[in-house]
Amino acid sequence: MRNFQVAELDQIPPQRCPCGFTRRAFAGLKDNVASLHVVDIQEDSRTHYHKRMTEIYLVLEGTGYMELDGERIAVKPMSAIYIKPGCRHRAVGKLRIINIPIPAFDEADEWSD
355 MRNFQVAELD QIPPQRCPCG FTRRAFAGLK DNVASLHVVD IQEDSRTHYH KRMTEIYLVL
415 EGTGYMELDG ERIAVKPMSA IYIKPGCRHR AVGKLRIINI PIPAFDEADE WSD
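Per the working numbering, the very first residue in the sequence shown carries number 355; after that it's consecutive.
Dropping the structure here:
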């Protein structure tokens, strides 16, 4: 296997996620330590958390807020949010974000109360 991988995010079909629609790069590949997603947040994403995964969000477009363990934090382009495992979170507002899950995204590690 090569020592690098390339993804064309505009060529990856969007799929439904708790926040809206996502295009996932590098998820599901063996031994990847992280993945990268472009997520189009819908108005009412649902609260969820992860038991093992840390996420880093970077807001690219739009304004709104992040709800993090019940606390509302205003976000705008270039806001970055570090979300530890166990933090109940959701994004509110019409936003486009980059999401970097560490380890790489695993659908089995997506939980709701």
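From the three backbone atoms N, C-alpha and C, an ideal C-beta is built for every residue, glycine too.
Outcome for residue i when other beta-carbon atoms lying within 10 angstroms are tallied against a minimum of 16
i	result
R406	exposed
M432	exposed
N-terminal and C-terminal residue of the beta strand (DSSP E) that residue i is part of
i	result
I395	L390 to I395
A434	A434 to I437
A379	G374 to A379
A428	E425 to V429
C371	Q369 to C371
Expected contact under 8 Å - CB spacing of residue i and residue j to nearest Å
i	j	result
A434	L449	Not really, about 13 Å apart at Cβ, beyond 8 Å.
I496	I451	Shown here, the chain extends from 355 to 467; a query on residue 496 therefore has no answer.
G440	Y403	6 Å
Alpha-carbon to alpha-carbon, residue j and residue i
i	j	result
Q359	R378	13 Å
Same chain only: Cβ atoms within 6 Å of residue i, ignoring 5 sequence neighbours per side
i	result
V393	C373, T376, I451 and N453
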